[in-house]
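Colleague: Have a look at this one before I ask anything.
Residue numbers (the working numbering), protein chains in the order written: chain A, -14 to 396; chain B, 14 to 177.
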């Protein structure tokens, strides 16, 4: 048995009441986006029905209630990642926007021609393209941490890569390989070279207890929809002094203290970076999702996912042997629950098509990590990923559906 | 609901396992065009050699990789256009796209009677390509089937620009 009571948890998620193709829904694509518990749906419904108004504006009762609920969500997010101050949590649309905010605001204010930003080969496009845009615009140099044979960061040359670098921008957990990167030593190395560290924690925060202070990070990006919350809201955590020094990102209402015909002054943190009416109800839903998963306990979540992931890795190996290649670490201690694999001679898309017949939802493709796919030498992989509502029975359903695909394509 | 057999007809699997016209052609005289499906990473590299004297496809070769539908569609496309005149190839492109969208518009129930599409299909012999009809029952896979045809269209448009 696992650390979580999956049968009870499943009942909290209305989507598992439905069937697909007459079969029980087996959702194995949480690394892409997680399903939503009733607690989140209710919180959002309640917000719209009972105290919806714009925030930080009206003096009337429901506007005040909406503002309190919104700012309360920020407090929950701050506590969830152990941020020292709630003013350090900037609400964004998603982790992608959080990273773009840093590239646009901090990057443009601080990086000049010849400066280097260090990335790794396992980054999601969200932590690649914003820096490529900046590189093209500012003539900054991008350097890359390569991977080892066992799908981990090859840190043997890290000091040379960090020499003269201004920023290390790295993922805490790969969305393709599942690899968990040990952030603290990376932060220490970056700081020793006078560089800052940005952590793309989009895949990590939903699955492992996160402590931005223990990491000694400078910027951390994550999103709500992968933590059982709604889409359209994410967060950037950054050290107060950094945010304070950074110029604004988007201009408009909310982010200003005063506007005159000859200019403007910016609002206090974090509102300086929150131009326009934010995703109010989504933020409230984000807070409810954090309440839900915190009640399960992040240590229990991690323990549960280790068990399910280990079972999946063993089952895949046992059933398919050499005909299936797993792209990711086999050591459960250094990986999360995203398991990418490829059958010899069957394209990932065809596999997921057959799986859909059995209501097994997996992701197929390049997972928004084309540089990594080129490193792996594969066009696409099939990825199954696990969360709190998955158990061994879901893994068994995956294995049976995969066996069917293998038979269908007769490889 | 549509079954896997609707999608993966035997002739499709045959083209996937034994793709026709794989290889490369010297550029020039051939024209090379790459087509990508940014969503899934499928890739088609098309080498099209057109005889300017007769305006016919002298030779065609295919490289790249992708799922069975995209690869089979590419293979069938290469067989269908080889030796054909540019005019016939353009007709074939229109007919194939009609085959892919006639069902799509029916599925979406947009009320159109599909008569324009029917006109595109009239008098064009699609042969093996008709096996790809089942793809329209799986809307997310339509782009897999049309990738090579869009690439072919692009190749024709680019060559006609260079020749004019």
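From the three backbone atoms N, C-alpha and C, an ideal C-beta is built for every residue, glycine too.
Between residue 161 of chain B and residue 113 of chain B, which are expected to be in contact by the criterion C-beta below 8 Å, what is the C-beta distance as a whole number of angstroms?
Modeller: As a working mapping, residue 161 of chain B is identified with position 148 in the second chain. As a working mapping, residue 113 of chain B is identified with position 100 in the second chain. In this structure residue 161 of chain B does not touch residue 113 of chain B by the C-beta definition: roughly 12 Å separates them, more than the 8 Å allowed.
Colleague: Taking just the CA atoms, how far does residue 139 of chain A sit from residue 133 of chain A?
Modeller: Taking the first residue of the first chain as 1, we reach residue 133 of chain A at position 148. Taking the first residue of the first chain as 1, we reach residue 139 of chain A at position 154. Straight-line measurement puts the Cα of residue 139 of chain A at about 5 Å from the Cα of residue 133 of chain A.
Colleague: Can you have a look at residue 46 of chain A and say buried or exposed, based on whether 16 or more other CB atoms are within 10 angstroms of its CB?
Modeller: Your numbering for residue 46 of chain A matches position 61 in the first chain. Exposed, since its Cβ has fewer than 16 Cβ neighbours within 10 Å.
Colleague: Is there at least one Cβ from chain B nearer than 8 Å to residue 393 of chain A's Cβ?
Modeller: By 1-based counting over the first chain, the position of residue 393 of chain A is 408. By this cut-off, residue 393 of chain A is an interface position.
Colleague: Using 10 angstroms around the beta-carbon of residue 308 of chain A, count the other beta-carbons present and answer buried if the total reaches 16, otherwise exposed.
Modeller: Start at 1 with the first residue of the first chain, and residue 308 of chain A comes out as number 323. Answer is exposed; the Cβ neighbour count stays below 16.
Colleague: By DSSP, does residue 38 of chain B sit in helix, in strand, or in coil?
Modeller: Residue mapping note: residue 38 of chain B aligns to position 25 of the second chain, counting from 1. Coil at residue 38 of chain B, not helix or strand.
Colleague: Hey, residue 8 of chain A and residue 390 of chain A: beta-carbon distance below 8 Å or not?
Modeller: Translated into the one-based positions of the first chain, residue 8 of chain A becomes position 23. Translated into the one-based positions of the first chain, residue 390 of chain A becomes position 405. Cβ atoms of residue 8 of chain A and residue 390 of chain A: not closer than 8 Å.
Colleague: Going by DSSP, which residues form a beta bridge with residue 25 of chain B?
Modeller: Within the second chain, numbered from 1, the residue matching residue 25 of chain B stands at position 12. The partner list for residue 25 of chain B (beta bridge, DSSP) is empty, contrary to what the question assumes.
Colleague: Return yes when the Cβ of residue 73 of chain A is within less than 8 Å of the Cβ of residue 397 of chain A, no when it is not.
Modeller: Since the first and last residues shown for chain A are -14 and 396, residue 397 of chain A lies out of range.
Colleague: Please list the residues of the region 130 to 148 of chain B that have a C-beta atom closer than 8 Å to any C-beta atom in chain A, keeping them in chain order.
Modeller: none
Colleague: Can you tell which of A:185, A:129 and A:35 has its C-alpha closest to the C-alpha of residue 360 of chain A?
Modeller: In the first chain, residue 360 of chain A corresponds to position 375, counting from 1. Ranking A:185, A:129 and A:35 by Cα distance to residue 360 of chain A puts A:129 first.
Colleague: How should residue 13 of chain A be labelled, buried or exposed, when 16 other C-beta atoms within 10 angstroms of its C-beta is the threshold for buried?
Modeller: Within the first chain, the letter at position 28 stands for residue 13 of chain A. Answer is buried; the Cβ neighbour count reaches 16.
Colleague: Between residue 335 of chain A and chain B, is the shortest Cβ-Cβ distance under 8 Å, so that the two count as touching?
Modeller: Taking the first residue of the first chain as position 1, residue 335 of chain A is located at position 350. The beta carbon of residue 335 of chain A sits closer than 8 Å to some beta carbon of chain B.
Colleague: For residue 158 of chain A, which beta-bridge partners are listed by DSSP?
Modeller: On the first chain, residue 158 of chain A is found 173 positions in, with the first residue counted as 1. A:165, per the DSSP bridge assignment.
Colleague: Can you name the start and end residues of the alpha helix (DSSP H) that residue 269 of chain A belongs to?
Modeller: Here the question's residue 269 of chain A lines up with position 284 in the first chain. Taken as a continuous stretch (DSSP letters only), the alpha helix (DSSP H) holding residue 269 of chain A covers 265 to 281.
Colleague: With distances taken between CB atoms, is the gap from residue 171 of chain A to residue 193 of chain A smaller than 8 Å?
Modeller: The count along the first chain starts at 1 and reaches residue 171 of chain A at position 186. The count along the first chain starts at 1 and reaches residue 193 of chain A at position 208. Cβ distance not < 8 Å, so residue 171 of chain A and residue 193 of chain A don't count as in contact.
Colleague: Whose C-beta lies closer than 8 Å to the C-beta of residue 341 of chain A among residues of the same chain, with five residues either side of it excluded?
Modeller: Within the first chain, the letter at position 356 stands for residue 341 of chain A. Taken in chain order, the residues that qualify are 5 and 6.
Colleague: Thinking just about the alpha-carbon of each residue, which of A:388, A:375 and A:394 is nearest to the one in residue 10 of chain A?
Modeller: As a working mapping, residue 10 of chain A is identified with position 25 in the first chain. Here the closest residue by C-alpha is A:375.
Colleague: Can you have a look at residue 314 of chain A and say buried or exposed, based on whether 16 or more other CB atoms are within 10 angstroms of its CB?
Modeller: Reading the first chain from its first residue, position 329 is the one you call residue 314 of chain A. Flag for residue 314 of chain A reads buried.
Colleague: Just verifying my parser: in three-state terms, what is the DSSP assignment at residue 155 of chain B?
Modeller: Taking the first residue of the second chain as position 1, residue 155 of chain B is located at position 142. If DSSP states are grouped into helix, strand and coil, residue 155 of chain B belongs with the helices.
Colleague: Using the rule of at least 16 other Cβ atoms within 10 Å of the residue's Cβ for burial, across every protein chain shown, is residue 269 of chain A buried or exposed?
Modeller: Taking the first residue of the first chain as 1, we reach residue 269 of chain A at position 284. The residue in question, residue 269 of chain A, is buried, as its Cβ has 16 or more Cβ neighbours within 10 Å.
Colleague: With a floor of 4 residues, list each alpha helix (DSSP H) that falls wholly inside the region 173 to 227 of chain A, ordered by position along the chain.
Modeller: 197 to 200
Colleague: Could you give the distance in angstroms between the alpha-carbon of residue 305 of chain A and the alpha-carbon of residue 189 of chain A?
Modeller: If you number the first chain from 1, residue 305 of chain A lands on position 320. If you number the first chain from 1, residue 189 of chain A lands on position 204. Residue 305 of chain A and residue 189 of chain A: Cα-Cα distance of roughly 29 Å.
Colleague: Determine, using beta carbons only, whether residue 157 of chain B and residue 83 of chain B come nearer to each other than 8 Å.
Modeller: Mapped onto the second chain, residue 157 of chain B falls at position 144. Mapped onto the second chain, residue 83 of chain B falls at position 70. Contact annotation: residue 157 of chain B and residue 83 of chain B have beta-carbon atoms nearer than 8 Å.
Colleague: Secondary structure at residue 20 of chain A, three-state DSSP: helix, strand or coil?
Modeller: Reading the first chain from its first residue, position 35 is the one you call residue 20 of chain A. Note: residue 20 of chain A maps to coil in three-state DSSP.
Colleague: Looking only at its chain, what residues have a beta carbon closer than 8 Å to the beta carbon of residue 34 of chain B, apart from the 5 residues adjacent to it on each side?
Modeller: The sequence position of residue 34 of chain B within the second chain is 21, counting from 1. Once the five neighbours on either side are set aside, the close Cβ partners of residue 34 of chain B are 73, 74, 75, 88, 91, 92 and 95.
Colleague: Would residue 401 of chain A count as contacting chain B if we go by Cβ distances under 8 Å?
Modeller: The displayed coordinates of chain A run from -14 to 396. Any statement about residue 401 of chain A would go beyond what the structure contains.
Colleague: Would you be able to state if there are at least three C-beta pairs under 8 Å between the region 131 to 148 of chain B and the region 18 to 37 of chain B?
Modeller: yes
Colleague: At the 8 Å Cβ level, is residue 345 of chain A part of the contact set with chain C, yes or no?
Modeller: You won't find chain C in this structure, because its protein chains are A and B.
Colleague: Identify the contact partners of residue 56 of chain B in chain A, using a Cβ-Cβ distance below 9 Å as the criterion.
Modeller: Looking up residue 56 of chain B in the second chain gives position 43. Neighbours of residue 56 of chain B on chain A, chain order: 364.
Colleague: Taking 8 Å as the CB-CB limit, is residue 338 of chain A close to chain B?
Modeller: For this step, residue 338 of chain A is matched to residue 353 along the first chain. Taking Cβ atoms only, chain B reaches closer than 8 Å to residue 338 of chain A, which makes this a yes.
Colleague: In terms of residue numbering, what span does the alpha helix (DSSP H) encompassing residue 116 of chain A cover?
Modeller: Here the question's residue 116 of chain A lines up with position 131 in the first chain. Note, residue 116 of chain A: alpha helix (DSSP H), 114 to 123.
Colleague: Is it buried or exposed, residue 330 of chain A, if we count other Cβ atoms within 10 angstroms and call 16 or more buried?
Modeller: Residue numbering aside, residue 330 of chain A sits at position 345 when the first chain is read from its first letter. Looking at its Cβ environment, which holds fewer than 16 other Cβ atoms inside 10 Å, residue 330 of chain A is exposed.
Colleague: So, helix, strand or coil for residue 18 of chain B, using DSSP?
Modeller: For the purposes of this step, residue 18 of chain B is identified with residue 5 of the second chain, where counting begins at 1. Of the three classes helix, strand and coil, the one that applies to residue 18 of chain B here is helix, per DSSP.
Colleague: With DSSP as the reference, label residue 104 of chain B as helix, strand or coil.
Modeller: Translated into the one-based positions of the second chain, residue 104 of chain B becomes position 91. In the displayed model, residue 104 of chain B falls within a helix according to three-state DSSP.
Colleague: Is it the case that the Cβ atoms of residue 25 of chain A and residue 274 of chain A are separated by a distance below 8 Å?
Modeller: As a first step, residue 25 of chain A must be located in the first chain, where it is residue number 40. As a first step, residue 274 of chain A must be located in the first chain, where it is residue number 289. It is a contact, given that the beta carbons lie within the stated cut-off.
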